[in-house]
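Position in the sequence shown (first residue = 1) + 454 = our numbering. Built from N, CA and C at the ideal position, the CB exists for glycine as well. Small disclaimer: the values here were computed from a predicted structure and weren't measured.
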Amino acid sequence: MLNILKNFTNLLSGKKGKIMQYSIEINKNTEIFDIDKVAKQAAGAVLMRQGKSVVLATVARDEKQDEEDFLPLTVQYIEKAYAAGKIPGGYVKRETKPSDAETLTARIIDRSLRPLFPKGYAYPTQIVVMVLSADPKVDLQVMSLNAASVALYLSDIPMKAPVCGVRIGKIDGNFILNPNNEELQNSTLDLYVAGVKDELLMIEMRALPDQKENEIFIEAPYADVLTQTTSQNMNELSEDEILEALNLAQKAILNGSNAYEEAFSKHKKNSQIELKNEIEHPEILAFIENNFQKQIKEAINQMAKSERASELNKIAKEILNLEITKDWSEESVLNTLAKVKRKLIREQILNEGKRADGRSLNEVRPISIETNILPNAHGSCLFTRGQTQALVVATLGGENDSQMIDLLTEKNPISERFMVNYNFPGFSVGEASPIKAPGRRELGHGNLAKRALYPSVDENYPYVIRLVSEILESNGSSSMATVCGGSLALKAAGVPSLKLVAGVAMGLIFEDNKYAVLTDIMGLEDHDGDMDFKVAGSKDGVTALQMDIKLGGIDQEILKQALYQAKEGRIHILNIMEEAAKEIIVNEEVLPKLELFSVDPSKIVDIIGQAGKTIKEIVEKFGVSIDLDREKGEVKIAGSQNEQIKAAKDYIINITSSQKGTKKGPKDKDISGFELGQEFQGIVKKIAPFGAFVELKNGVDGLLHSSKSKHLNLSENQSLKVKISEIKNGKISVDLCE
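In structure tokens form, the structure reads like this:
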């Protein structure tokens, strides 16, 4: 439903200008757009309000075309701290570099809008979306994409129709259109879809764990390997469920795209844009096709990526060395050669059903897997598929190792207990490029792998998990290699995964109403194809998927075929992974140990002590890390040695079990008769890494810290003369008598 709320005249610098405000009720949301109110020097701008959220979307472009043969588009998404009534944290009290969340949202907007730019468009263009006011309930990703889409449509850049974004959730078994942030907390699905009219352009999907609290039982008193029983089930979606959800999204996108077009088509600026010809040098194209087509086809079908690139460069040099081509520039020859290569690759796939490396359309490249090749890492996996290789390493940590994330719509920082970091060094593709901070691509691939793997890890698992994927070689689908290697690295670290998860990248070639769906695409097919569709999941369903389309839209029948072909490829990979998992030998000696137990919640303050003094002393004394849950009275102790953890647990239990006026020692022994300075001829009863327990009298022990006995070679049952140096919280510490 569309209403023109206002059409009024505003005085600006003595001149009259019309400001149009539209209210559109669409897809469960009321969206209010102000046109020609702010940022009027931009090529297109819109101020959009939904609930209490306000975003400004602007489009600016240069007047001069870029020489390069690519779309020079930059998208920036910026969350202003004042939008939520916050002052930026840290030393510098202003917004600086984008957060990971901002970067990922910018990528979503970019991937949704990029396919609609016309072929031959080469003007450097920047889309900026700024969040000026943030309503905790409003989905800023959906809102920001729609605002950017309208701003782009209003500009003089030729767009056939406005893009619309929607989110689909699943609550109590029912699909929900555009759930707000509160509703999404109870959803088992997060599906973000962008499209134009009835065509889908971009898909991001992840399965979410059931938010019902699950019971956990620790069966080992302190664990070399933590055994746990949980009621949690792994949430996945079947291919049919995904198609059902996408059908709902497609209808909503058509509705939204039509509403935006109806409202804003009359305000769209006239386009004076000049587009580059797709074939800029027809004479070069004809010469190469007539004289070098056979050589190019032979180069394409070289098995190795480096060999193929080298052979194509040789052909380019050969062409440039001919007398007839002396007036041609190297750049024009290389660009035209690339176009011929692209045409031949696509024709070979469509007409012969043959790919550059000789595979059939649904064939996965050879896979090899090695686990725990790093002896001192908690878990590792070297996953190789064709010419793509990922070394994925798992590290387990305590609660203090979690990543704190500050989100605009959340009052307090969120603790991230499962992290996936993806690194892509230049040597992985044979380039001598410097190692830099992770860029948009690295963050996006890591986020996709995290979405895929997260449902497979029991939410009650007590350790913080960090996965790092080092891409050592890349020729297509390194993010999916990260998923496969990451799932096995978790197993290799002893993490009780609910199911193994694998991923596969699908491609599409579409030409003259003929199409071919490709399984496990390599870099060549990604670059010269029409779709990059990554699907990850277990044998029972999909946990994450991501689709980017270059066509300007995709038919659901093609998408259905790609989903089911991806399932075949995924199961093939999982069968190989399952065999590798059977051979895993967990590095027990390097894994952190953990003890989880409960105390009276009112005693947590005794463990902490005044200004945290007591807990600091325990951490330093026993060399452990301690996490406390004040509400549940839960105590979690982690360390590298079982003896240290056990001693720290005994120490804490003694603190919490001591009664007023009475102090109890280990195993509730009475220590009321002991005084500072008393001397004893004691017997060493137990030796731990942090010290020795010396029996004094009546079965009461005193701790002789290792720092006070370094020069002695102590052994159990050895007699020692000691004196009491400290009595505190039911525990006795002793020194050696001189």
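Residue i CB to nearest heavy atom of the ligand GDP below 7 Å
i, result
"residue 528", "Among the ligands in the structure shown, none appear at all, so the ligand GDP cannot be discussed."
Residue i (DSSP reduced to helix, strand or coil)
i, result
"residue 904", "helix"
"residue 777", "helix"
"residue 628", "strand"
"residue 748", "helix"
"residue 719", "helix"
"residue 851", "strand"
"residue 1094", "coil"
"residue 1044", "helix"
"residue 877", "strand"
"residue 1087", "coil"
"residue 650", "strand"
"residue 475", "strand"
"residue 990", "strand"
"residue 1129", "coil"
"residue 846", "strand"
"residue 613", "coil"
"residue 1160", "helix"
"residue 712", "helix"
"residue 975", "coil"
"residue 831", "coil"
"residue 642", "coil"
"residue 1071", "helix"
"residue 524", "coil"
"residue 860", "coil"
Pair within 8 Å by beta-carbon distance, residue i and residue j
i, j, result
"residue 992", "residue 918", "no"
"residue 602", "residue 507", "no"
"residue 1099", "residue 1078", "yes"
"residue 608", "residue 723", "yes"
"residue 732", "residue 573", "yes"
"residue 615", "residue 651", "yes"
"residue 851", "residue 875", "no"
"residue 646", "residue 562", "yes"
"residue 985", "residue 1003", "yes"
"residue 790", "residue 727", "no"
"residue 1060", "residue 1091", "no"
"residue 861", "residue 555", "yes"
"residue 909", "residue 613", "no"
"residue 567", "residue 606", "yes"
"residue 799", "residue 978", "yes"
Closest residue to residue i among the options (Cα-Cα distance)
i, options, result
"residue 955", "994, 885, 645", "994"
"residue 880", "689, 692, 925", "925"
"residue 547", "536, 554, 555", "536"
"residue 923", "1071, 873, 948", "873"
"residue 475", "707, 850, 590, 717", "717"
"residue 641", "651, 1154, 621, 830", "621"
"residue 527", "551, 570, 818", "570"
"residue 946", "962, 998, 827", "827"
"residue 691", "997, 553, 1070, 1042", "997"
"residue 930", "983, 490, 520", "983"
"residue 565", "1138, 1005, 927, 744", "1005"
"residue 1192", "1131, 1184, 859", "1131"
"residue 877", "809, 891, 518, 1106", "891"
"residue 1184", "1160, 794, 1154", "1154"
"residue 966", "745, 551, 747, 797", "797"
"residue 981", "639, 585, 810, 1182", "810"
Exposed unless 16 or more other CB atoms sit within 10 angstroms - verdict on residue i
i, result
"residue 944", "buried"
"residue 1193", "Lying before the first or after the last residue shown, residue 1193 is absent from the chain, which here runs from 455 to 1192."
"residue 545", "exposed"
"residue 628", "exposed"
"residue 920", "buried"
"residue 659", "buried"
"residue 656", "buried"
"residue 841", "buried"
"residue 1103", "buried"
"residue 1173", "exposed"
"residue 740", "exposed"
Residues that DSSP places opposite residue i in a beta bridge
i, result
"residue 1052", "1088"
"residue 419", "Only positions 455 to 1192 of the chain appear in this structure, which leaves residue 419 out of reach."
"residue 428", "This structure gives no information on residue 428, because the portion of the chain shown stretches from 455 to 1192."
"residue 1176", "1134, 1190"
"residue 621", "646"
"residue 1185", "1182"
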